[in-house]
Structures are given as C-alpha cells and as structure tokens.
Amino acid sequence: MQAAAIAQPNIALVKYWGKRDTRQNLPAVGSISVTLHGLETEMHVRLTTDAKNDALTVNGKSAETMLPRISKALDTILGADRKYAMVTSRSNFPIAAGLASSASAFAALTVAAAAANGATHSPELLARLAGGASGSAARSIFGGFVELKKGGDAIEVSQLATKEDWPLAVMVAVTASGPKSIGSTEAMEISRKTSPFYSAWVDRQSDDLDRARAAIREKDFRALAAVSEHSCLKMHSIMWASRPPLVYWNAATLRCMETIRALQASGVAVFFTIDAGPQLKAVCDRDVADVVYAALQSTEGVVQVLRSGLGGGARRIGSD
Ligand code: DP6
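Residue numbers (this note's numbering): 733 to 1052.
Encoded structure:
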C-alpha cells in the first residue's frame, strides 16, 4: 500500500488571507492563483500496520516538528481509523520561506495518500481534502489559473484557464532562504483578530476576484497586473496593521519592487506579488522573461532567481 505523487507550488494573484472556520480550514475570502512549473515537491506515502506512529522525512532528514500537521492531514484524507504512514518528501526549492511549500507538500500528500489507500478521488474531492490541511494546497491540485472559492460548507476549487491558454512566465527572486518567522496559519488569525483593515479586506474581495477573472478570460495583462499588485499590497497592509505587526519583507524585497517598477516604466509587461515571506515573485510575458530575470538577478540582496512558468496540477507518479 504505497504511492507517490508530485505537486507544484502556486502563487496567488488575488490573495487568500483569513479563515472563516479554523476547524475545517474554510477561507474567509476567495482567491485566484497560478500553479508553477519546475519547482516540485515529491511525496511518497507507505501505509503500514507494522508501525506504532507516523514518520516523516523531509529532504532526507527526519522532520518531527512538521509531523503533527501531516498526521492531522492524513486523518482527514484517509479517516481516523487509518493505518500509520511512512511519508517521505523532497522539494527542489527552499521550503518554509514564503514559497508556498506547504501548498505543494499537502497537494502531493493528498494525491499520494489517497492512491496508497486505493482511492480514486476526483480532482475536486482531492482539492477539498488538501484544502483541509492548507488552503493554498487546494489550488495546487489543479494546473494553470485556479480559483479557490469562499464557498459554502466545504472547500471548492476550479480551474479558470489552462497553462496553455495563457502561458505566462514567473520569476521567483529569493532574498532570504531561512524559514519564515511566523507561519501563515497563525499570522492569519492574528490579522483577523487585530487588524483594523481586516473586515474591509473581506468585504471588498469579490470586486478583486471579478476583475481578475475578467482579466484572465480576456488575457488582459495590464488588468491582471493592476488587480494582483493591489491585492498583494492590501494583504500586506493588513499584516502591517496587525498586533503584533507582521512584516515579512526585507530590504531586498523592496529593492526588487523598485526593479519591477523600473521595468514597468520602460514598457516591460511584468508585475510583482509577495506572499508571507520576503521573496518577490514577478509574473511576466514569456518574451520578456530574460529581461526580468536579468534585472532581478542584478538587484542588490537577491540570493537567487528561480525561473518558472505555469505548470499542471498534482499527479501520481510511478507505480509503487
Ligand atoms: C500569503 O495556505 O499557507 O500565501 O490554510 O493556514 O495553511 P493555511 O494557509 P496557507 O496561506 C497562504 C497565504 C498566502 C496567500 C495565498 O497563497 O493565497
């Protein structure tokens, strides 16, 4: 009873920040993302009756601190009367640094664990199960442009457009590779409880979602850029106005933003977005990818630029 799966992280253009129900992990707002290509988490799950606990290895090392969250996700995916799971995970990009590694990890875990258990779930059900563990993971079940709806009693995800429909490029400017100071789950609750901007954010989200959906449908880069940067900066404003304040940026994050502004001023089709970490993600037309890559690479404080484009959804690999 074992199976393996691969999933890619996704980058939200209209952000998910805040929960309506923490127990079921239901989002307070809808969100729209793009699934990346080339940055991958591979997850192997072996179910066994011969163990007394679950076990987790991440990039070759035992990862005790992450195990409770994985075990909880497995309870949701497989049911509480499940077998113990030996889980092995490997990512080819920095984890826990605002690169949505939890999204690719829980998406891959869901697909691998369900397959190891012999289940053949629909992508919609897999997304619901992955989203119970991490909201953004629900989006990585699908490829291309993906919407996570605010929904009713359960998580609902759908694909808005495929990667072939609008094959944009994405550059990730890594400005620090250590783990982030505070995880999204905890930070969202701090914002919900303390930020004076939180309720305005929830109230106005449907306008941004409408604008983003229309921009994707019409392949209107300028419109997508405007709504994405606005959503990103609004989310960070909520964080900055939380108590304690949540400031994920460093000096290089701001320098990268200036780099993007300079490119835009010279007519390059590019925009930025930043998640709960100091990395800046630049989304651009494929024909300007080299220019954007070079500009970010030569920005002071940038450790590394990862080149990506839009990828497919989570999928099972091998036959083990
Ligand atoms: C800033 O999906 O990591 O990346 O549901 O608590 O696991 P949990 O949160 P998570 O939050 C992602 C927040 C974000 C914005 C986004 O991806 O939409």
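Yeah, the Cβ is synthetic: ideal placement off N, Cα and C, and Gly gets one too.
query                                                                                                                                                                                    : result
May I ask you to report which of helix, strand or coil DSSP gives alanine 787?                                                                                                           : strand
In chain order, what residues of the same chain lie with their CB nearer than 7 Å to the CB of alanine 957, ignoring the 5 residues before and after it?                                 : Phe1003
Exposed or buried, aspartate 1053, counting other C-beta atoms within 10 Å across all chains shown (16 or more means buried)?                                                            : Residue coverage of the chain in this structure runs from 733 to 1052, which leaves residue 1053 outside it and unanswerable.
Compute every distance between the C-beta of alanine 905 and the non-hydrogen atoms of the ligand SAM, then say whether any falls below 7 Å.                                             : This structure lacks the ligand SAM; its bound ligands are the ligand DP6.
Is the closest heavy atom of the ligand DP6 to the C-beta of glycine 867 under 7 Å?                                                                                                      : yes
Helix, strand or coil for aspartate 753 per DSSP?                                                                                                                                        : strand
Using alpha carbons as the reference points, say which of Arg954, Lys881, Val1024, Glu918 lies closest to lysine 747.                                                                    : Lys881
Contact check, isoleucine 887 vs leucine 758 under 8 Å by CB: the rounded distance?                                                                                                      : 7 Å
Label asparagine 742 either buried or exposed according to how many other C-beta atoms from any shown protein chain fall within 10 Å of its C-beta, with 16 as the threshold for buried. : buried
So within the stretch 910-988, which uninterrupted beta strand (DSSP E) runs reach at least 3 residues, ignoring any that extend past its ends?                                          : none
Would you identify the three-state DSSP class for isoleucine 802, choosing helix, strand or coil?                                                                                        : helix
Thinking C-beta only, is valine 766 closer than 8 Å to valine 906?                                                                                                                       : no
Quick one: using the 10 Å Cβ neighbour count with 16 as the cut-off for buried, is lysine 793 buried or exposed?                                                                         : exposed
If distances are taken between C-alpha atoms only, which option among Leu995, Lys751, Ser833 comes closest to cysteine 1016?                                                             : Leu995
How would you write the range of the beta strand (DSSP E) that arginine 1039 sits in, first residue to last?                                                                             : 1036-1041
Just the C-alpha distance for arginine 778 and valine 843, rounded to the nearest angstrom, thanks.                                                                                      : 13 Å
Put phenylalanine 838 into one of helix, strand or coil per three-state DSSP.                                                                                                            : helix
Where does isoleucine 887 fall in DSSP's three states?                                                                                                                                   : coil
Closer than 7 Å: is that where the CB of aspartate 807 sits relative to any heavy atom of the ligand DP6?                                                                                : no
Looking at tryptophan 972 and the ligand DP6, is the gap between the Cβ and the nearest heavy atom below 7 Å?                                                                            : no
Starting from the Cα of lysine 951, find the closest Cα among Ala983, Ala893, Ala1014 and give me that residue.                                                                          : Ala893
Only counting the same chain, and skipping five residues up and downstream in sequence, which positions put a Cβ closer than 7 Å to that of alanine 839?                                 : Ala739, Ala862, Ala869, Ser872, Ile873, Ala1046
Is the distance from the Cβ of aspartate 1054 to the Cβ of alanine 735 below 8 Å?                                                                                                        : Nothing about residue 1054 can be read from this structure; the chain reaches only from 733 to 1052.
Which class does alanine 870 belong to by DSSP, given the choice of helix, strand or coil?                                                                                               : helix
Would the beta-carbon of tryptophan 749 fall within 8 Å of that of methionine 989?                                                                                                       : no
Is the Cβ-Cβ distance between isoleucine 764 and alanine 795 less than 8 Å?                                                                                                              : no
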